[in-house]
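>
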């Protein structure tokens, strides 16, 4: 298999499955964000309430054929961070809406690499402290594509609730070489 295309989707594309004040609290002091989340140009933030699990979905522009060759999903990536007692609890890819491929075990620690970002002093008032992490998930077997793919991320609020910030998600597509 040879990776022939990679895509990256900004944080503004993420969609929470569960909404409303019983699932999502206000973010960064913005009362209007309760139940909705806070979409910024550079990330989307959600405060998951204590004891709640919330699924977030990333729709991916999915090429299924290139140059007359079928394409395969090779891997997906997620750029994220959490604070408080929020934690990523499960990650899966969906194909065609019904085929789910678990990329992590439920409530297992996920591997990640710190992705620090320095903000100019004069701009710090616009940026919360960031501890971005990049997680990459190669598929055990490349998935032959026929339909669109989405990345699905379950976030648990834990005992006290906490915030998840999504900075982006990506995918790599391969052909048979």
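Residue numbers (our numbering): 871 to 1047.
We put the CB at the ideal spot given by N, CA and C, even for glycine.
Predicted model, so just to flag it, every value in this text is computed and none were measured.
1) Do the CB positions of residue 940 and residue 874 come within less than 9 Å of each other?
2) Taking the straight line between their C-alpha atoms, what separation do you get for residue 1014 and residue 879?
3) Using CA atoms only, rank isn't needed, just tell me which of 1007, 985, 950 is closest to residue 972.
4) Tell me the DSSP secondary structure of residue 995 in three-state form.
5) In this structure, does DSSP put residue 1040 in helix, strand or coil?
6) For the 8 Å Cβ check, are there 3 or more pairs between the segment 921-932 and the segment 895-904?
7) How is residue 900 classed by DSSP in three states: helix, strand or coil?
The short version:
1) As a working note, residue 940 is residue 70 in the chain shown. As a working note, residue 874 is residue 4 in the chain shown. Cβ atoms of residue 940 and residue 874: not closer than 9 Å.
2) On the chain shown, residue 1014 is found 144 positions in, with the first residue counted as 1. On the chain shown, residue 879 is found 9 positions in, with the first residue counted as 1. Taking the straight line from one Cα to the other gives about 21 Å.
3) Within the chain shown, the letter at position 102 stands for residue 972. Comparing Cα positions, the closest option is 1007.
4) Here residue 995 refers to the residue found at position 125 of the chain shown. Note: residue 995 maps to helix in three-state DSSP.
5) If you number the chain shown from 1, residue 1040 lands on position 170. Note: residue 1040 maps to strand in three-state DSSP.
6) no
7) Here residue 900 refers to the residue found at position 30 when the chain shown is read from its first residue. Strand at residue 900.
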